[in-house]
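For the sequence shown, the tail end lands on 164 under my numbering, and the numbers increase by one without skipping.
By construction, the Cβ of each residue, glycine as well, lies at the ideal position given by its N, Cα and C atoms.
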Amino acid sequence: MKKEVKDTIITELGETIKSYPHFYLVDVTGLNAEATSSLRRKCFKSEIKMVVVKNTLLHKAFEASDVDFEPLYSSLVGNTAVMFSNTANVPAKLLKEYSKESIPALKAAYAEESIFIGADKLAELAALKSKNELIADVVALLQSPAKNVISSLQSGANTIHGVLKTLGERAE
């Protein structure tokens, strides 16, 4: 591979790293063509960009980045695919489906501005909540007291209505 091509790949990888807030380094050793194709389809459906890269080129792209990715350097061994995502937990959930087969295996991840190293972090990454999930939780928490007050008022109104109805139906 010519130096110009390598420089282009490094630049493109660097731009991709900057454009996606989360990425996972995955070991795809042992995946045949059919399994790789299936994984790529699932990634596409989940809005994950999967790229198989040379470790040295990825290492240079990390070095050129503004963020310190030094802890990830030790994970750049063997066949590496990078899964880029806008939502931190989506790639982890996808990889969790494959956890029984252990292929593809998580090497490391950069999610929520933190670095996770090792396949044992997969459950922790899958448990991370996305921005939309957190917003939904906050809205639910904010609505809960209001719903309780409205429910209490409605039940109280029904009770008062029932008492008045009973008194009105009483024969005097």
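query                                                                                                                                                  : result
Since residue 112 sits in a beta bridge, which residues does DSSP pair it with?                                                                        : DSSP, once it has assigned bridges, lists no residue as partnering residue 112.
For the putative contact between residue 78 and residue 116, defined by C-beta atoms under 8 Å, what is the C-beta separation to the nearest angstrom? : No, residue 78 and residue 116 are not in contact; Cβ-Cβ is about 19 Å, not under 8 Å.
Assuming residue 84 and residue 114 make a contact with CB atoms under 8 Å, what is their CB distance in whole Å?                                      : 6 Å
Determine which residues share a DSSP beta bridge with residue 19 and list them.                                                                       : 72, 97
Is residue 65 helix, strand or coil when you go by DSSP?                                                                                               : helix
Could you give the first and the last residue of the continuous beta strand (DSSP E) run that contains residue 44?                                     : 41 to 45
Measuring alpha carbon to alpha carbon, tell me which of 157, 80, 107 ends up nearest residue 123.                                                     : 80
Would residue 61 be called buried (16 or more neighbouring beta carbons within 10 Å of its own) or exposed?                                            : buried
Using only alpha-carbon positions, find the residue among 56, 70, 108 that is nearest to residue 23.                                                   : 70
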